[in-house]
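At position 76 of the sequence shown the residue is numbered 75 (numbering that gives the first Met the number 0), and the sequence of numbers has no breaks.
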Amino acid sequence: MSDRQYLLTDQYKDASKLDARISLHQRFSTNEYGWLRWVFDQLDFPSGAHILELGCGKADLWLENIHCTPDDWSVVLSDLSWG
0 MSDRQYLLTD QYKDASKLDA RISLHQRFST NEYGWLRWVF DQLDFPSGAH ILELGCGKAD
60 LWLENIHCTP DDWSVVLSDL SWG
């Protein structure tokens, strides 16, 4: 089985495995600020940025931080999974 086939049929056939990893962070993290907010704050995109994220999963990073996304950014998200 190829790596791509394995990813499509096992790891990324739906969002359940990603959800499990996210759940671990949410349940056991001691950081009250939040992982997704912290990651977003590390991004240093300029005004008018054109952003392409490959492998965004369910786009939780962007959904959690939609209120912080400037109107002049162009963001395209993509993922291998249907989940």
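C-beta atoms are modelled at their ideal positions from N, C-alpha and C, and glycine is treated no differently. Bear in mind that the values here come from a model prediction, so they are computed numbers and not experimental data.
- A check of alpha carbon separations from residue 54 across 4, 2, 11 identifies 11 as the nearest.
- Secondary structure of residue 79 (DSSP, three-state): coil.
- The criterion of a C-beta distance shorter than 8 Å is not satisfied by residue 78 and residue 47.
- Contact check for residue 67 and residue 39: beta-carbon distance about 6 Å, within the 8 Å limit, so the pair qualifies.
- Across the set 6, 62, 73, 29, the C-alpha of 73 shows the shortest separation from the C-alpha of residue 50.
- Within the same chain, Cβ atoms closer than 6 Å to the Cβ of residue 17 are found at 56, the five residues on either side in sequence being excluded.
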